[in-house]
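These notes concern the structure reproduced below.
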Amino acid sequence: MELPLVEKQEAPEVVALRANMQRLRLLKERMNACTKTMAELRSSYASVTARTSSLHDACDRALAYQTALAAGAEQIRTNLHFFKQADIIMKKLNNTTKISVTGQMFTGILATIDECLTFLRQHPEYKESAAYIVKYEQCLSRAMTWIRVGVMADIEASVNDVRDRQSQLQVDYAKLGRGGADDDTFALLYGVFATRANSV
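In terms of UniProt numbering, the sequence shown opens at residue 1 and continues consecutively.
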């Protein structure tokens with residue numbers, strides 16, 4: 001027996017309800033897929049954020065390390081200056097033609113020797129400090145020798161200058177036929193030695 005046509009056909013509300021239920025199922029599946037994708041994205045974002053933060057921290061540490069290395073390199077360069085000057089100064093002091101104890105270069109050499117000796121004595125923990133202190137003391141001894149030679153040369157030049165002037169003065173007084181050369185000689189000696197004393 002056949003069912004009546006009404007029973008065979010579903011009511012339009014039921015059909016609409018079934019269609020809506022099918023759509024809801026699809027939407028729910030899509031929503032679950034979206035939720036899963038969002039969770040994966042959230043997890044990936046958190047992972048990338050953590051790695052980025054870690055990379056940023058590593059960059060900060062590397063930059064701080066680089067800055068510390070640069071400062072250390074500059075400090076080493078500064079400290080090496082005190083060690084390098086010994087040979088340079090000794091070469092200058094051994095150059096007999098270009099050194100003048102009354103010149104600024106010689107004053108600079110003495111100041112550098114003093115500065116380097118002070119630094120090395122303040123840092124005895126450096127491996128070569130003692131050896132370089134000896135080198136600078138040798139430089140200082142050489143400089144003192146130059147000062148002695150310079151002073152003696154100035155005194156000798158002054159003596160020769162006085163003798164020449166005194167001879168000329170005696171000749172002039174003899175031509176004039178007058179005495180008093182001794183008083184003028186004293187003034188002459190004083191003037192020559194006073195002039196030379198300033199350079200010494």
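Backbone N, C-alpha and C define an ideal beta-carbon position, used for all residues, glycine too. Being a predicted model, the structure only gives us computed values, none of them experimental.
Query                                                                                                                                                                           : Result
Label Gln66 either buried or exposed according to how many other C-beta atoms from any shown protein chain fall within 10 Å of its C-beta, with 16 as the threshold for buried. : exposed
Quick check on this structure: which residue in Thr102, Ala39, Ser141 has the alpha carbon closest to the alpha carbon of Ile89?                                                : Ser141
Could you check if Leu69 is buried or exposed, using at least 16 other CB atoms within 10 Å of its CB as the buried criterion?                                                  : exposed
How many whole angstroms separate the CB atoms of Tyr136 and Ile113, which I take to be in contact at a CB cut-off of 8 angstroms?                                              : 6 angstroms
Roughly how many whole angstroms lie between the Cα atoms of Ala194 and Asp154?                                                                                                 : 11 angstroms
Quick check: the Cα distance between Glu115 and Asp57, rounded to an integer number of angstroms?                                                                               : 42 angstroms
Pick out the complete alpha helix (DSSP H) segments inside the stretch 88-126, 4 residues or longer, and give them in chain order.                                              : 104-122
How many angstroms separate the CA atom of Met1 from the CA atom of Gln9?                                                                                                       : Annotation note: pLDDT 46 at Met1 (below 50); position unreliable, no value reported.
Run the proximity test for Gly103: is its beta-carbon closer than 7 angstroms to any non-hydrogen atom belonging to the ligand COA?                                             : Judged by which ligands are present, the structure shown has none, so any question about the ligand COA falls away.
Could you tell me the alpha carbon to alpha carbon distance between Thr49 and Leu63, rounded to whole angstroms?                                                                : 21 angstroms
Given a threshold of 16 other Cβ atoms within 10 Å of its Cβ, counted over all protein chains shown, does Val15 qualify as buried or as exposed?                                : exposed
Would you mind giving the Cβ-Cβ distance between Phe82 and Leu120, rounded to the nearest angstrom? I have them listed as a contact below 8 angstroms.                          : 6 angstroms
So, using beta-carbon positions, are Trp146 and Leu189 closer together than 8 angstroms?                                                                                        : no
Rounded to the nearest angstrom, what separates Val149 and Ser167 at their Cα positions?                                                                                        : 27 angstroms
Would you say Leu117 and Ala143 are within 8 angstroms of each other, going by their C-beta atoms?                                                                              : no
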